[in-house]
Every structure is written in C-alpha cells, then in structure tokens.
Amino acid sequence: MNDESGQKYPAKPDDFPEMEAWERDMADVLKKSEPPPLAPEKMEALLATLRPMVAARREESTPNLSKTAGRMDFGEFIRLVRGQASLLERPFWMVMGLIMAGNLALLASNILQPLITTLFLALPLVGGISIVYSLHGSRGGMWEIEQASPAGLQRIFASRLTLMFVLQLLLALPVLVSYGAQAGVLVLARMVLAWLAPTVALSGMILFLFSYWGEWPSVGITVLVWGSLILFGASRAGFIGFAEMVLARIVFNPLLPLLAVLGLAAGLAFGALGLRRLASGRSSWS
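Per our numbering, the sequence shown runs over residues 247 to 532.
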C-alpha cells in the first residue's frame with residue numbers, strides 16, 4: 247500500500263536481494279584494482295612530504311609515554327581517584343549514604359553499642375565487597391579501555407582501592423571519633439587498629455580470591471570466613487553483647503598490636519598479589 251501522505255521512507259539494505267551480490271562484485275573490483283604507476287621522482291617527493299609528518303607525530307606521543315612510565319604526582323592521582331568515583335553507579339552511593347545516615351542517627355541518639363557492632367561486624371566486610379564492586383566495571387566492558395589508558399592498570403586499580411578505603415574510613419569515623427572522645431586517645435588508637443586490621447585483611451583476601459575466581463566465589467568465601475569468626479567469637483561471649491565482647495576481647499586485648507600487624511601484613515600481601523595478577527591480565531575474568 248502506498249503512503250497517502252506521499253512521504254518516502256529510506257529503504258533498508260535487506261529490501262534489495264541484489265545488494266549482497268553487488269557488494270561482492272565491488273570487493274572483487276577493489277581487489278583487482280592497481281594503483282597508477284608513479285614516477286620515482288614523484289614517489290621521492292611524496293616520501294619527503296610524509297617523513298616530517300611522521301616525525302612530528304612521534305615527537306607528540308613521546309612525552310605522554312615518558313609521563314606514563316614516570317611517577318604520577320599527587321594532584322594527578324587525586325584526579326584519577328575522582329574519575330574512578332564518577333564511574334560508580336547510583337545504587338552504590340545510595341547504600342553508602344544509608345550506612346552513613348544510620349551511623350549518624352545512632353550517634354545523635356548516643357547509642358554506641360550498635361555503632362560499635364556495626365564498626366567491627368559489618369564495615370570490614372562492606373569494605374571487601376566494595377572493592378569487588380569497584381572492579382566490576384572492568385569485567386563489564388571497561389577492560390580494553392583501561393588497558394589503553396595512559397594512566398596504566400596498576401594506577402587505576404590503586405586509585406580504586408584508595409577510593410574504597412577513604413569511603414570506609416568515612417563510614418567508621420562517627421563511632422571512632424565519638425568513642426575516642428569519651429575514652430581517650432589511647433583507646434581511640436586501639437579501636438582504629440581493631441577496625442583497620444580486619445578491614446585490610448578481608449579486602450586483601452577478597453581481592454586475591456577475585457583475581458582467581460571472580461566475584462561470587464570471592465565474596466562467598468570471604469563472607470563464610472568472616473561469619474565463622476563472628477560466630478566463634480559470639481559463642482565465647484556467652485550472655486554479654488557483641489559490642490562488650492569486642493571491647494573486652496579485641497580492643498583491650500594485650501595482643502592487639504601483634505594481631506593488628508599480622509592482619510595488616512596478610513591483607514597487604516594478598517592484596518598486592520591480587521592486584522599484580524589483575525594488572526598483568528592473567529586473571530580469569532580479563
């Protein structure tokens with residue numbers, strides 16, 4: 247049926263069966279075509295014109311390569327971190343905002359026990375899962391772009407880890423500052439160690455597992471390990487609450503400095519191995 251308005255619509259290539267044959271004929275013609283003969287003096291003149299252009303292009307690209315191979319200053323790294331933050335999706339920021347709002351609400355109500363429980367029970371695991379989420383973009387199609395980036399894969403991953411650590415520190419600040427202001431600087435320092443060591447250990451562990459088995463196995467194993475430790479500590483706590491158990495057996499534990507050093511060393515070692523494997527492209531998801 248003809249269009250009464252007289253409007254013409256562009257025809258689709260599928261509407262013409264002969265289009266495919268025509269394309270084959272054109273391909274054959276192009277293959278058989280030969281460039282016209284060029285006199286040697288004209289060829290030399292053409293090369294003389296192209297050589298300066300090629301040299302200028304190489305000179306333009308050389309500073310970028312040397313800059314990539316060299317060290318990145320602090321300002322450039324901060325800009326890289328901000329760029330990585332812009333890649334995080336809105337649901338992630340909503341979750342972070344809800345956690346922070348809950349912490350501030352508990353702090354305003356002067357209810358410290360749930361805050362202490364959140365600090366030592368949930369936030370270390372949230373930190374590890376956040377790292378896996380931050381690397382999800384690479385698996386979702388950004389890998390080739392990141393490989394071609396002049397910043398380098400190691401710097402990109404390092405900027406993401408820095409961003410995740412800063413966010414976890416912001417989530418932990420309410421209880422650390424509030425309880426530290428009431429109990430003193432020494433207790434604050436011990437609480438920072440008691441929070442930082444498991445956070446780094448779980449983050450390094452999940453990053454290492456992620457480099458081998460991907461998202462869900464790394465998250466599942468880490469949740470299982472951390473959950474088992476929590477259940478073991480809760481079973482030993484008896485009738486006292488989790489917050490009291492944490493303060494009594496972890497924060498005020500005489501072996502806390504040693505345990506913190508071991509946790510930090512293990513987390514940094516596993517994290518470095520996982521980061522190196524991811525940056526080298528030997529992981530299963532790259």
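All C-beta atoms, glycine included, are put in the ideal place defined by N, C-alpha and C. Being a predicted model, the structure only gives us computed values, none of them experimental.
Separation of residue j from residue i, as counted between CA atoms
{"i": "Thr363", "j": "Val492", "result": "8 Å"}
{"i": "Asn356", "j": "Gly426", "result": "14 Å"}
{"i": "Pro500", "j": "Gly343", "result": "35 Å"}
{"i": "Gly520", "j": "Glu266", "result": "50 Å"}
{"i": "Trp459", "j": "Val465", "result": "10 Å"}
{"i": "Gln414", "j": "Arg297", "result": "54 Å"}
{"i": "Glu420", "j": "Gln428", "result": "The sequence given here has Pro at residue 420, not Glu. Rounded to whole angstroms, Pro420 to Gln428 spans 12 Å at the Cα level."}
{"i": "Asp319", "j": "Ala285", "result": "53 Å"}
{"i": "Glu335", "j": "Phe323", "result": "21 Å"}
{"i": "Met340", "j": "Tyr379", "result": "14 Å"}
{"i": "Val446", "j": "Pro503", "result": "15 Å"}
{"i": "Leu508", "j": "Val412", "result": "22 Å"}
{"i": "Pro337", "j": "Met346", "result": "14 Å"}
{"i": "Leu510", "j": "Ala301", "result": "50 Å"}
{"i": "Gly450", "j": "Gly430", "result": "30 Å"}
{"i": "Trp268", "j": "Ile402", "result": "48 Å"}
{"i": "Gly513", "j": "Arg270", "result": "60 Å"}
{"i": "Leu477", "j": "Pro463", "result": "21 Å"}
{"i": "Met272", "j": "Leu293", "result": "30 Å"}
{"i": "Trp472", "j": "Leu350", "result": "25 Å"}
Beta-carbon separation (whole angstroms), residue i vs residue j, contact threshold 8 Å
{"i": "Leu448", "j": "Gly373", "result": "7 Å"}
{"i": "Leu417", "j": "Leu369", "result": "6 Å"}
{"i": "Ala435", "j": "Ala506", "result": "With a Cβ gap of about 10 Å, Ala435 and Ala506 do not count as contacting."}
{"i": "Ile377", "j": "Leu475", "result": "19 Å between Cβ atoms; not a contact."}
{"i": "Gln400", "j": "Ala515", "result": "Actually they are not in contact, since the Cβ atoms of Gln400 and Ala515 sit about 16 Å apart, beyond 8 Å."}
{"i": "Leu367", "j": "Val469", "result": "In fact, because the Cβ distance is near 12 Å, the residues do not count as touching under 8 Å."}
Count the CB pairs spanning the segment 487-497 and the segment 400-409 that are closer than 8 Å, and state whether there are at least three. no
Decide if the segment 357-376 is in contact with the segment 423-438; the criterion is three or more beta carbon pairs, one per stretch, under 8 Å apart. yes
For the segment 317-331 against the segment 438-458, do three or more pairs of beta-carbon atoms, one drawn from each stretch, fall closer than 8 Å, so that the two count as touching? no
Which runs of the alpha helix (DSSP H) spanning at least 4 residues fall entirely within the segment 436-507, listed in chain order? 461-483, 488-492
Kindly confirm or deny that the segment 444-463 and the segment 511-520 touch, where touching means at least three C-beta pairs closer than 8 Å. yes
Enumerated in chain order, which unbroken segments of the alpha helix (DSSP H) with a length of 4 residues or greater are wholly contained in the segment 315-358? Every alpha helix (DSSP H) stretch that sits fully inside the segment 315-358 and reaches 4 residues is listed by chain position as 320-333, 336-354.
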